[in-house]
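Chemist: For the sequence shown, my numbering begins at 6 and goes up steadily by one.
The C-beta atom is built at its ideal place from N, Cα and C for all residues, glycine as well.
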Amino acid sequence: MRTSNWILTAALLVSISAAAQQATDSQAPTQSPATDAAQTAQPAQQAAPAPDQQQPAPAASQPAAAQPAPAATIAPPATVPAPTTMDQVVNLFVEREHGLIKMLSNRTPVVETYLQNLSADPQLGPVPSEDHYFLGRLDMGETVDRKDYLKEEEKSMQQRLLGGFQKLYKVQYQPMGFSWMVYADRTDFDREHYDFRYVRREFLGDVRCLVFDVTPKPKSGRGRFLGRLWVEDQGFNIVRLNGTYYPAPRNSYFFHMDSWRLNLIPGYWVPSFIYSEEGDFSAGVKNKLAFKAQTRIWGYDLKKGGKDDELTNIRVDSVQDSSATAQDASPLQAERVWQQQAEDNVVDRLTSAGLLAPEGDVDHILQTVVNNLEVTNNIDLPRPVRTRVLLTSPLETFSVGNTIVISRGLVDVLPDEASLAAVLSHELAHIVLGHNLGSKYAFNDRMLFSDDATYQNLGFKHIPEEETAADKKAVEFLKNSPYAQKLDNVGLFLKALQQRAASLNALLTTHLGNPLAEGGQVNRLSALSTQGPALDNGKLDQIAALPLGGRVKVNPWDDKAEMVKTAPVAITSARDKMPFEVTPFFPRLSRFGGNAAPVSAPTTAANSTQNTGN
Ligand SMILES: [Zn+2]
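(1) How about the segment 542–551 and the segment 94–102: do they share at least three Cβ pairs that are nearer than 8 Å?
(2) What are the residues that DSSP puts in a beta bridge with residue 237?
(3) Which two residues bound the contiguous alpha helix (DSSP H) that contains residue 349?
(4) Quick one: what's residue 137 bridged to in DSSP?
(5) In terms of alpha-carbon separation, which member of 223, 222 and 232 lies closest to residue 216?
(6) With a cut-off of 8 Å on the beta carbons, I'd call residue 143 and residue 597 a contact; round off their distance for me.
(7) Using 8 Å as the Cβ pair cut-off and three pairs as the minimum, do the segment 237–252 and the segment 272–280 touch?
(8) Are there any heavy atoms of ligand 1 lying less than 6 Å away from the beta-carbon of residue 516, as far as the coordinates show?
(9) Per DSSP, which residues does residue 392 bridge with? Please list them.
(10) Apart from the five residues on each side of it in sequence, which residues of its chain come closer than 6 Å, Cβ to Cβ, to residue 487?
(11) Any contact of the segment 550–564 with the segment 580–600, i.e. 3+ C-beta pairs under 8 Å?
(12) Whole-angstrom Cβ separation of residue 540 and residue 295, contact assumed at under 8 Å?
(13) Tell me the start and end of each unbroken alpha helix (DSSP H) in the segment 354–384 that is at least 4 residues and wholly inside, in chain order.
(14) Using CA atoms only, rank isn't needed, just tell me which of 561, 569 and 408 is closest to residue 304.
(15) What do you reckon, is the C-beta of residue 475 under 6 Å from a heavy atom of ligand 1?
(16) From residue 410 to residue 307, what does the alpha carbon distance come to, in whole angstroms?
(17) Of the choices 297, 443 and 418, whose alpha-carbon is the least far from that of residue 347?
(18) So what's residue 301 in DSSP terms, helix, strand or just coil?
(19) From the DSSP output, which residues share a beta bridge with residue 273?
(20) What three-state label does DSSP hand residue 185 in the structure shown?
(21) In whole angstroms, give me the CA-to-CA distance for residue 364 and residue 207.
(22) State the DSSP-derived secondary structure class of residue 448, mapped to helix, strand or coil.
(23) Can you give the Cα-Cα distance for residue 496 and residue 458, rounded to whole angstroms?
(24) Quick one: grab the DSSP three-state call for residue 495.
(25) Beta-carbon within less than 7 Å of residue 218's beta-carbon, same chain only, minus the 5 sequence neighbours each way: which residues are those?
(26) What residue from 283, 284, 285 and 279 has the CA that sits closest to residue 299's CA?
(27) Do the segment 370–390 and the segment 570–579 make contact, defined as three or more Cβ pairs closer than 8 Å?
(28) Using a Cβ-based criterion (distance less than 6 Å to any ligand heavy atom), does residue 472 qualify as near ligand 1?
(29) Could you work out which residue in 565, 515 and 594 is closest to residue 139 when comparing CA atoms only?
(30) Between the Cα of residue 427 and the Cα atoms of 536, 446, 336 and 131, which residue gives the shortest distance?
(31) From residue 469 to residue 423, what does the alpha carbon distance come to, in whole angstroms?
(32) Below 8 Å on the Cβ atoms is my contact criterion, and I expect residue 502 with residue 533 to pass it. Report the Cβ-Cβ distance as a whole number of Å.
(33) Relative to ligand 2, is the shortest distance from any of its heavy atoms to the C-beta of residue 407 smaller than 6 Å?
(34) Under 6 Å Cβ to Cβ from residue 316, same chain only, skipping five residues before and after it: list those, please.
(35) Is the beta carbon of residue 510 within less than 6 Å of some heavy atom of ligand 1?
(36) Should residue 302 go down as buried or exposed, given a rule of 16 or more other Cβ atoms within 10 Å for buried?
Pasting the structure below:
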């Protein structure tokens with residue numbers, strides 16, 4: 006019973022005193038969907054396991070044309086005849102689940118969990134009281150394991166999973182537990198261990214799904230999946246899992262989770278987001294455990310370093326001297342080339358560690374804002390300023406050479422363009438003031454470290470004097486810029502941040518740059534913190550900061566970041582504002598290549614008694 010033991014030990018353990026409150030099921034969000042199926046999946050470059058060859062020859066009845074020509078080297082699974090009974094559907098998705106487990110077994114994606122403990126506020130409802138952050142790499146091989154970027158004291162696997170077991174009355178969150186729901190059951194997902202009951206059809210985004218309730222068979226072992234599955238009706242892949250594990254070991258507790266997959270490569274739906282939530286704030290409930298957590302997985306197709314993928318791809322570009330008169334470099338030019346080399350090394354290394362998004366759409370927006378600041382301040386730099394998105398949640402900016410980096414989490418919570426300009430202006434000031442001229446990273450040996458040691462090997466913090474000077478310069482830039490009339494919004498954002506700073510220590514702990522706040526005190530751009538009206542939670546038109554996840558969506562396969570397109574949702578109470586808060590995931594599912602056209606359903610679905618599709 007190896008699997009059940011693993012699940013057992015991977016449980017998030019709490020003392021028995023944390024009375025088992027029934028978690029609410031994840032609710033439909035009132036907020037913009039956090040993420041969406043990105044449709045820009047790039048060709049996968051790495052070799053992949055061969056498709057499952059046990060399948061019968063493709064049958065014409067399956068709408069194979071639904072997928073664009075596969076550009077990826079990961080071959081999609083063979084198409085199968087359309088099932089005619091629900092039994093056949095169950096067999097198909099069980100087989101597809103095993104195909105997914107096999108396809109991902111050589112992958113080590115990045116996994117991030119951000120968790121907020123909640124306490125009840127009479128006006129705002131459940132609000133964060135403290136938070137926790139985990140970042141690591143998932144090993145999806147034999148079992149599911151993870152390795153953390155954020156070092157704690159060395160622990161054995163056993164200790165890491167059982168660390169909090171004896172600590173009565175204190176919940177210990179084990180990051181592994183939040184990653185566990187990438188699969189329903191890593192090794193025993195089959196008819197011997199589970200009963201499957203068809204419920205209905207339902208659309209998730211553009212994708213029509215068959216919904217099944219799953220219950221472990223009696224005596225099938227502890228820690229089995231209990232909940233609901235959504236299976237898309239063309240390839241019969243699981244696209245969403247919602248439930249928990251059961252039965253829990255004595256004195257411990259399995260959290261409830263809602264796990265989403267995206268169709269990022271032809272034929273496969275890849276685990277991407279997991280939302281977890283516990284807690285009941287209704288009257289009379291003695292709450293011991295209440296939290297919300299978002300787990301994001303990305304970096305499935307991380308290159309093993311360098312710009313070229315494989316040795317076989319070596320291609321010698323014709324190198325030409327681009328300078329007009331082929332002069333030797335002056336000392337100053339040599340210095341600049343040297344700094345450029347350091348900057349490029351860092352950007353490449355952070356990208357290959359799965360921490361930076363490749364250059365893309367979001368950068369165009371960021372660069373436009375930087376450009377607005379530069380033009381109105383007559384800033385003319387010898388090298389252009391570039392921007393990149395750090396893929397993680399903690400609120401962070403830093404700059405290396407002329408590259409400004411801003412975290413996805415920070416872009417998410419900023420309420421408007423003026424606030425974005427404000428955080429970027431601080432880094433632009435570092436560049437203009439010559440604070441970024443360090444070039445130790447021009448030596449390539451300094452880039453040779455394992456991905457999970459990134460935070461130990463790279464760092465771009467400035468001394469306090471430089472921070473003060475950069476803030477001063479940034480305010481000058483802003484006052485000359487098109488954002489000069491909107492600095493009240495920046496002031497409001499800083500006030501909102503100050504209001505939550507003491508309870509969001511993990512979100513405000515930076516890993517590469519200087520923090521926006523320390524010890525519960527916001528210190529970034531303090532000259533603007535008194536600007537604008539007082540913060541008033543009751544004013545519904547005053548949006549000082551947004552929830553996490555509302556602006557940037559990341560493609561978990563190729564790490565590309567793009568802006569979320571959402572329609573504005575009316576805020577009806579102070580509880581809808583949720584500044585800096587974690588919300589459920591509700592990605593709009595769509596098929597690879599954006600095929601949203603309805604396709605004839607398998608006969609079972611067409612004959613089903615209930616159709617809730619809309
Ligand atoms: Zn700084």
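Modeler: By the coordinates alone:
(1) no
(2) 214, per the DSSP bridge assignment.
(3) 336–357
(4) 120
(5) From the listed residues 223, 222 and 232, the smallest Cα separation to residue 216 is found for 232.
(6) The Cβ separation is near 22 Å, so there is no contact.
(7) yes
(8) no
(9) 409
(10) 377
(11) Taking a cut-off of 8 Å on C-beta distances, the segment 550–564 touches the segment 580–600, as three or more cross pairs fall below it.
(12) Their Cβ separation, rounded to whole angstroms, is 25 Å, which puts residue 540 and residue 295 out of contact at 8 Å.
(13) 366–381
(14) The shortest C-alpha separation from residue 304 is found at 561.
(15) yes
(16) 19 Å
(17) Ranked by how close their Cα comes to the Cα of residue 347, the residues 297, 443 and 418 have 443 in first place.
(18) strand
(19) 270
(20) helix
(21) 36 Å
(22) In the structure shown, residue 448 falls within a coil segment according to DSSP collapsed to helix, strand and coil.
(23) Rounded to the nearest angstrom, the two C-alpha atoms are 36 Å apart.
(24) helix
(25) 202, 204 and 233
(26) Among 283, 284, 285 and 279, the Cα nearest to that of residue 299 belongs to 279.
(27) no
(28) yes
(29) It is 515 whose Cα lies nearest to the Cα of residue 139.
(30) 536
(31) 25 Å
(32) In this structure residue 502 is not in contact with residue 533, their Cβ atoms being roughly 11 Å apart against a cut-off of 8 Å.
(33) This structure lacks ligand 2; the ligands present are ligand 1.
(34) Note that residue 316 scores 44 on pLDDT, short of 50, meaning its location in the model is unreliable and no value can be drawn from it.
(35) no
(36) buried
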